[in-house]
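Participant: Residue numbers (my numbering), protein chains in the order written: chain A, 130 to 345; chain B, 130 to 345. For glycine and all other residues, C-beta sits at the position ideal for the given N, C-alpha and C.
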DNA sequence: GTCTATAAGTGGATAGAC
DNA sequence: GTCTATCCACTTATAGAC
């Protein structure tokens, strides 16, 4: 029992260190934050951090693991989630909603912001972003558009190009939010703004690629 | 005469410091580079740097001035450069060519990379990027598309939205190049890749917004 | 303008008492 | 597991000799 208590206390501090580190790293960037800054906010001595982590980089590695878990992207794309009969616009809305939902979670916001900020400086983040986030998304959307074409919902067009046209804008929005329009205190209006822009983008794509008049 | 010689020598060192700083900052980021790193490469003592700049931040400020000068964006948009009769695709190509040309200049590449990397960490860069680069570009392209509509080259559509659809992708490409696909040693194939993607994007926009069959 | 010398501070990290 | 004490490498920056 006493061991379990100790274990929980230990685990608690370790997580507090990680959470404070996420706060600081996502605000100031990895390089601008010191072990001492973290220790000060956790309210333990800086040397105590080394009882939980090997060092500063070890904390960052632990955060990156959280990042990967938070996104939890399946290795293989499950296209079974796409019903055979479905209104394209609704489908896209449903598929982009998780992105909006993620933005409402402050932990995810911090961790996404950290990802954007440290993308260039951290090889592990870069690898995750390129190979586990961007690339599978392009593949996913390519399949979605191909399916829509096969079912006659949209005009025939290169599915990979369509996927790029659609999803590149989503990544652009990611950078717009976290690199050059970030305001944690007003994230509600920020989310409204993003939803509005995303909605306009989807509207544009379907105004252009939809069947409408041209089918007759 | 002797004064001029001294002046030139002084100016030479000052510029060498700035150039080395651009190299290092754009590779490692501002925080990861020390005055000593710069002095070592310029082959002067670190203290000598303070004869030319007030300190590290002063060097960065000087670089930001170069950045602003390099882009040299006019305060007011000159739509006179747009001829009245012009093939839309060619017009867009001509207007995007300067972007490609800029990428061929190694100095501009470094300074753009630095801009992307330090966007979040540096308020002056952020201000330049948002207010002097992004915003005027959106306005410019909005006017271009409006003019095309007025002349009947493209379908009627919200010009601001079209501008966003077109130019957001350009900014996305900027980040793709400098944040997550950068390779200075193979920048030739990189430029080919960018030209290809940009060309596909322009093709997409005009496949969608062009008159073609629908006018008949 | 460049150097030496040095100040004064911050950084990450470890040893050992409790 | 947390603390005190300490190390030492590295940082920006200045004063003053040449």
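Provide the residue span of the alpha helix (DSSP H) that contains residue 266 (chain B), from first to last.
Facilitator: As a first step, residue 266 (chain B) must be located in the second chain, where it is residue number 137. Note, residue 266 (chain B): alpha helix (DSSP H), 264-279.
Participant: Return the CA-CA distance between residue 178 (chain A) and residue 159 (chain B), expressed in angstroms with no decimal places.
Facilitator: Sequence index remark: in the first chain, residue 178 (chain A) carries index 49 (1-based). Sequence index remark: in the second chain, residue 159 (chain B) carries index 30 (1-based). Whole-angstrom Cα-Cα distance: 27 Å.
Participant: I'd like to check one pair, residue 240 (chain B) with residue 199 (chain B): are the Cβ atoms closer than 8 Å?
Facilitator: As a working note, residue 199 (chain B) is residue 70 in the second chain. As a working note, residue 240 (chain B) is residue 111 in the second chain. Cβ atoms of residue 199 (chain B) and residue 240 (chain B): closer than 8 Å.
Participant: Consider the Cβ of residue 329 (chain B): report whether some Cβ of chain A lies at a distance smaller than 8 Å.
Facilitator: Taking the second chain and counting its residues from 1, one reaches residue 329 (chain B) at position 200. Closer than 8 Å: yes.
Participant: In whole angstroms, what is the alpha-carbon distance linking residue 285 (chain A) and residue 266 (chain A)?
Facilitator: Locating residue 285 (chain A) in the first chain gives position 156, counting from the first residue. Locating residue 266 (chain A) in the first chain gives position 137, counting from the first residue. Distance between the alpha carbons of residue 285 (chain A) and residue 266 (chain A) is about 21 Å.
Participant: Taking contact to mean at least 3 C-beta pairs separated by less than 8 Å, is the segment 252-263 of chain B in contact with the segment 288-304 of chain A?
Facilitator: With the cut-off at 8 Å, the segment 252-263 of chain B and the segment 288-304 of chain A do not touch.
Participant: Determine, using beta carbons only, whether residue 232 (chain B) and residue 323 (chain B) come nearer to each other than 8 Å.
Facilitator: Translated into positions along the second chain, residue 232 (chain B) becomes position 103. Translated into positions along the second chain, residue 323 (chain B) becomes position 194. Yes; because the gap between Cβ atoms is below 8 Å, this pair is in contact.
Participant: Using 8 Å as the limit for Cβ to Cβ distance, is residue 131 (chain B) near chain A?
Facilitator: Numbered from its first residue, the second chain carries residue 131 (chain B) at position 2. With a pLDDT of 47 at residue 131 (chain B), under the threshold of 50, the modelled position of this residue cannot be trusted, and the question is left open.
Participant: So the candidates are A:216, A:262, A:222, A:329; which of them puts its Cα closest to the Cα of residue 281 (chain A)?
Facilitator: As a first step, residue 281 (chain A) is located in the first chain; it is residue number 152 there, counting from the start. Closest option to residue 281 (chain A), Cα to Cα, is A:216.
Participant: Inspect the beta-carbon positions of residue 151 (chain B) and residue 243 (chain B) and report whether they are closer than 8 Å.
Facilitator: As a position in the second chain, residue 151 (chain B) is number 22, starting the count at 1. As a position in the second chain, residue 243 (chain B) is number 114, starting the count at 1. Their beta carbons are under 8 Å apart, which means residue 151 (chain B) touches residue 243 (chain B) by this criterion.
Participant: Where residue 143 (chain B) and residue 196 (chain B) are concerned, what is the direct C-alpha to C-alpha distance, given to the nearest angstrom?
Facilitator: Within the second chain, residue 143 (chain B) is the residue found at index 14, counting from 1. Within the second chain, residue 196 (chain B) is the residue found at index 67, counting from 1. Cα to Cα, residue 143 (chain B) sits roughly 16 Å from residue 196 (chain B).
Participant: Taking the alpha-carbon positions, what's the residue 185 (chain B) to residue 153 (chain A) distance?
Facilitator: Translated into the one-based positions of the second chain, residue 185 (chain B) becomes position 56. Translated into the one-based positions of the first chain, residue 153 (chain A) becomes position 24. Roughly 23 Å between the two C-alpha positions.
Participant: So with CB distances below 7 Å, who are the chain B contacts of residue 200 (chain A)?
Facilitator: As a first step, residue 200 (chain A) must be located in the first chain, where it is residue number 71. Those do not exist, as residue 200 (chain A) stays about 16 Å from chain B at its closest Cβ, beyond 7 Å.
Participant: Going along chain B, which residues have a C-beta under 7 Å from residue 161 (chain A)?
Facilitator: As a first step, residue 161 (chain A) must be located in the first chain, where it is residue number 32. Within 7 Å Cβ-Cβ: 160.
Participant: So what does DSSP say about residue 360 (chain A), is it helix, strand or coil?
Facilitator: Absent from the structure is residue 360 (chain A), since the part of chain A shown begins at 130 and ends at 345.
Participant: Between the C-alpha atoms of residue 348 (chain B) and residue 162 (chain B), what's the straight-line distance to the nearest angstrom?
Facilitator: The shown model of chain B, from 130 to 345, leaves out residue 348 (chain B), and the question about it has no answer.
Participant: Compute the Euclidean distance between the alpha carbons of residue 271 (chain B) and residue 329 (chain A), then round it to the nearest angstrom.
Facilitator: The residue labelled residue 271 (chain B) in the question sits at position 142 within the second chain. The residue labelled residue 329 (chain A) in the question sits at position 200 within the first chain. If I take the Cα positions, the gap works out to 16 Å.
Participant: How would you list, in chain order, the residues of chain B whose beta-carbon sits under 8 Å from the beta-carbon of residue 266 (chain A)?
Facilitator: Reading the first chain from its first residue, position 137 is the one you call residue 266 (chain A). By Cβ distance, chain B contributes nothing, its closest Cβ being about 13 Å from residue 266 (chain A), past 8 Å.
Participant: Please name the residue in A:250, A:321, A:279, A:246 whose C-alpha comes closest to that of residue 156 (chain B).
Facilitator: Counted from its first residue, the second chain places residue 156 (chain B) at position 27. Per the Cα distances, A:250.
Participant: Below 8 Å on the Cβ atoms is my contact criterion, and I expect residue 191 (chain A) with residue 147 (chain A) to pass it. Report the Cβ-Cβ distance as a whole number of Å.
Facilitator: Sequence index remark: in the first chain, residue 191 (chain A) carries index 62 (1-based). Sequence index remark: in the first chain, residue 147 (chain A) carries index 18 (1-based). At roughly 6 Å, the Cβ-Cβ gap stays under 8 Å, so residue 191 (chain A) and residue 147 (chain A) are in contact.
Participant: Comparing alpha-carbon positions, which option in B:317, B:275, B:268 lies nearest residue 229 (chain B)?
Facilitator: What you label residue 229 (chain B) is simply residue 100 of the second chain in a count that begins at 1. Considering only alpha carbons, the answer is B:317.
Participant: If you check the beta carbons only, do residue 221 (chain A) and residue 331 (chain A) fall under 8 Å apart?
Facilitator: Start at 1 with the first residue of the first chain, and residue 221 (chain A) comes out as number 92. Start at 1 with the first residue of the first chain, and residue 331 (chain A) comes out as number 202. In contact: residue 221 (chain A) and residue 331 (chain A) (Cβ atoms closer than 8 Å).
Participant: In this structure, does DSSP put residue 141 (chain A) in helix, strand or coil?
Facilitator: Along the first chain, one-based indexing puts residue 141 (chain A) at 12. Of the three classes helix, strand and coil, the one that applies to residue 141 (chain A) here is helix, per DSSP.
Participant: Would you say residue 337 (chain A) faces chain B, with C-beta separation under 8 Å as the test?
Facilitator: By 1-based counting over the first chain, the position of residue 337 (chain A) is 208. So, interface residue.
Participant: Answer yes or no: do residue 337 (chain B) and residue 337 (chain A) have a C-beta to C-beta separation smaller than 8 Å?
Facilitator: Position 208 of the second chain, counting from 1, holds the residue named residue 337 (chain B). Position 208 of the first chain, counting from 1, holds the residue named residue 337 (chain A). In contact: residue 337 (chain B) and residue 337 (chain A) (Cβ atoms closer than 8 Å).
Participant: Examine chain B for any beta-carbon lying closer than 8 Å to the beta-carbon of residue 179 (chain A), and answer yes or no.
Facilitator: Reading the first chain from its first residue, position 50 is the one you call residue 179 (chain A). No, its Cβ sits nowhere closer than 8 Å to a Cβ of chain B.
Participant: Does residue 294 (chain A) have its Cβ less than 8 Å from a Cβ in chain B?
Facilitator: The count along the first chain starts at 1 and reaches residue 294 (chain A) at position 165. Output row for residue 294 (chain A): interface = yes.
Participant: Provide the residue(s) that pair with residue 184 (chain A) in DSSP beta bridges, ordered along the chain.
Facilitator: Within the first chain, the letter at position 55 stands for residue 184 (chain A). In DSSP, residue 184 (chain A) forms no bridge with anything.
Participant: With a threshold of 16 other CB atoms inside 10 Å of the CB of residue 276 (chain B), please say whether the residue is buried or exposed.
Facilitator: The residue labelled residue 276 (chain B) in the question sits at position 147 within the second chain. The residue in question, residue 276 (chain B), is buried, as its Cβ has 16 or more Cβ neighbours within 10 Å.
Participant: Any chance the CB of residue 234 (chain B) is under 7 Å from a heavy atom of the ligand PLP?
Facilitator: Ligands are entirely absent from the displayed structure, and the ligand PLP is therefore not among its contents.
Participant: Note down the Cα distance separating residue 223 (chain B) from residue 308 (chain B), rounded to an integer number of angstroms.
Facilitator: Walking along the second chain from the start, residue 223 (chain B) turns up at place 94. Walking along the second chain from the start, residue 308 (chain B) turns up at place 179. Taking the straight line from one Cα to the other gives about 26 Å.
Participant: If the cut is a Cβ gap below 8 Å, which residues of chain A does residue 320 (chain B) touch?
Facilitator: Translated into the one-based positions of the second chain, residue 320 (chain B) becomes position 191. Within chain A, no residue comes near residue 320 (chain B); the closest Cβ sits about 18 Å away, beyond 8 Å.
Participant: Cβ of residue 290 (chain A) less than 8 Å from any chain B Cβ?
Facilitator: What you label residue 290 (chain A) is simply residue 161 of the first chain in a count that begins at 1. Closer than 8 Å: yes.
Participant: With a cut-off of 8 Å on the beta carbons, I'd call residue 105 (chain A) and residue 295 (chain A) a contact; round off their distance for me.
Facilitator: A question about residue 105 (chain A) goes unanswered here, because the residues of chain A that appear run from 130 up to 345.
Participant: What are the residues of the segment 240-273 of chain A that lie near chain B, defined by any Cβ-Cβ distance shorter than 9 Å?
Facilitator: Those residues of the segment 240-273 of chain A that come within reach of chain B (Cβ to Cβ, closer than 9 Å) are 242, 245, 246, 248, 249, 250, 255, 258, 259, 263.
Participant: Any beta-carbon of chain A closer than 8 Å to the one on residue 197 (chain B)?
Facilitator: Counting from 1 along the second chain, the entry for residue 197 (chain B) is found at position 68. Closer than 8 Å: no.
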